[in-house]
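Q: Residue numbers (my numbering): 2 to 455.
Where a beta carbon is used, it is the ideal one built from N, C-alpha and C, also for glycine.
Model, not experiment: these values are computed from the prediction.
Quick one: this structure, given as structure tokens, is what I'll be asking you about.
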């Protein structure tokens, strides 16, 4: 069947996106809307990320309590992932996505009301943001990996990553401006943005179906939305899937390293705040410091996303891209080990996070292009939520040991250097498994069809 005609506007849009990746005219509108969607999603998250910092750091215990609360998210996620899997057995993908997003919106309205009444919600809100963040982002990328096939995703995910990086950068700046109105304003703003995201994803999915019916794109047959998405629980799926287990391992290690680094930054920041050098409110200083910190690693991430990610992935491949973050993080923590002061820790974390949010994030999402639909939605949600927070559990155990045995900042940096070496080994095995899935077995469209109709 002949492909539908492409409008002049789509041709122009495709050309406009060409400096960042090879975007065909028929793909341009979907790519743009998905990019704007993840831009909005990350903007909303950074409003919440800035809102949570003074609540947890100043109202309820400081850097150590923040670390322990992050570990508590792992326990909460065991129940959440189980509930999500139960819903997936009863709902199609879009009903599932919409229900979860709107549930989060209702939660934000409740939190905004509580904080406006001066209720201490630092720990509960911190726990909730951890569940919300990784679930909402995992669902977006699952949909993207479902809409685009493997060849398209390798090209186009770099463009979507631009929206992610820009959204984080803009969100941190907007949060900095709105911070004077308090956490409730940030929460309400995020809720409104999340509703916009839901509408955009529904529009793209429906347009994708129409394009499929017209023969414009070769994808798997659509599973009726009234049918359940999965036949087994998320954890059962992971236990029988070597590829997902490797992805879970690298996700755990990456977040363990990052959480250790965030604790080290918070600890160094609070030491400076309590040193007596401040001439302003500690709460305002921390809010401004964090907003600036988020802004700069996202600015660098945007530049890398715009001009490096697509070229790295198309020229060297997804597997090579996965080695960039360990290399940058190793240099950063080696510098912290030598010079454990706030300026050096801040620079190391900016470098680490800018690579994590650009090259690493895009490459990890592209790894799911060779998976089945149930692996994308159910398996990926478990990996990107529970195993991220399991990394926080290990980080909290390290923080507890550090408090008990009076570890120095250099000790935390040294532990991270060891973990980075281990992550390099896991990346090697992921690369081998990815190569097997990409180069052998049924073609991507056929594999997806078999998975969707099994």
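#1: I need the straight-line Cα distance from residue 235 to residue 248, nearest angstrom please.
#2: Suppose the cutoff is 7 angstroms on Cβ atoms and the five residues either side in sequence are ignored; what does the same chain contact list for residue 227 look like?
#3: Under 8 angstroms, do residue 295 and residue 173 count as touching if we go by C-beta distance?
#4: DSSP state of residue 12, grouped into three classes?
#5: Three-state secondary structure (DSSP) at residue 118?
#6: Does the distance from the CB of residue 143 to the CB of residue 45 come in under 8 angstroms?
#7: Measure the Cβ-Cβ separation of residue 368 and residue 275 and say whether it is below 8 angstroms.
#8: Could you check what DSSP says for residue 219 in three-state terms: helix, strand or coil?
#9: Could you tell me which whole alpha helix (DSSP H) segments of length 4 or greater appear in the stretch 376 to 453?
#10: Do residue 313 and residue 321 come within 8 angstroms of each other at the CB atom, strictly closer than that value?
#11: How is residue 90 classed by DSSP in three states: helix, strand or coil?
#12: Please report the distance separating the alpha-carbon of residue 81 from that of residue 380.
#13: Of all the options 77, 377, 56, which has the alpha carbon lying nearest to the alpha carbon of residue 393?
#14: From residue 129 to residue 278, what does the alpha carbon distance come to, in whole angstroms?
#15: Report the CB separation of residue 32 from residue 24 in whole angstroms; it is logged as a contact under 8 angstroms.
#16: Hey, which unbroken runs of the alpha helix (DSSP H) at 4 residues or more fall wholly within the stretch 263 to 348?
#17: In the DSSP assignment, find the alpha helix (DSSP H) that holds residue 168 and state where it starts and stops.
#18: Out of 85, 299, 293, 189, which has the shortest C-alpha to C-alpha gap to residue 359?
#19: Assuming residue 29 contacts residue 37 (C-beta within less than 8 angstroms), just tell me the rounded distance between them.
#20: In the DSSP assignment, the alpha helix (DSSP H) including residue 238 goes from what residue to what residue?
#21: Residue 24 by DSSP, collapsed to three states: which one?
#22: Could you tell me if residue 257 is buried or exposed, where buried requires 16 or more neighbouring beta carbons within 10 angstroms of its beta carbon?
#23: Kindly list the residues whose CB is nearer than 7 angstroms to the CB of residue 115, restricted to its own chain and excluding five residues on each side of it in sequence; keep chain order.
#24: According to DSSP, simplified to helix, strand and coil, what is residue 19?
#25: Helix, strand or coil: which one does DSSP assign to residue 131?
#26: Could you check what DSSP says for residue 82 in three-state terms: helix, strand or coil?
#27: Taking C-alpha atoms, which residue in 371, 16, 90, 183 lies nearest to residue 438?
#28: In three-state DSSP terms, what is residue 373?
A: From the atom records:
#1: Approximately 14 angstroms, taken between the alpha carbons.
#2: Since pLDDT at residue 227 reaches only 45, below the 50 mark, its modelled position is unreliable, and the value read off the structure follows with that caveat. The answer, listed in chain order, is 93.
#3: yes
#4: helix
#5: coil
#6: No; because the gap between Cβ atoms is not below 8 angstroms, this pair is not in contact.
#7: no
#8: At residue 219 the pLDDT is 41, less than 50, meaning the model places this residue with poor confidence; the figure from the coordinates comes in the next sentence. Coil at residue 219, not helix or strand.
#9: 389 to 406, 410 to 440
#10: In this structure, residue 321 sits near residue 313, with a CB-CB distance shorter than 8 angstroms.
#11: coil
#12: 13 angstroms
#13: 77
#14: So the alpha carbons of these two residues sit roughly 34 angstroms apart.
#15: 6 angstroms
#16: 283 to 305, 311 to 316, 319 to 322, 325 to 339
#17: 151 to 179
#18: 299
#19: With a Cβ gap of about 13 angstroms, residue 29 and residue 37 do not count as contacting.
#20: 235 to 240
#21: Coil at residue 24, not helix or strand.
#22: buried
#23: 122
#24: coil
#25: Of the three classes helix, strand and coil, the one that applies to residue 131 here is helix, per DSSP.
#26: Here residue 82 sits in helix by DSSP.
#27: 371
#28: coil
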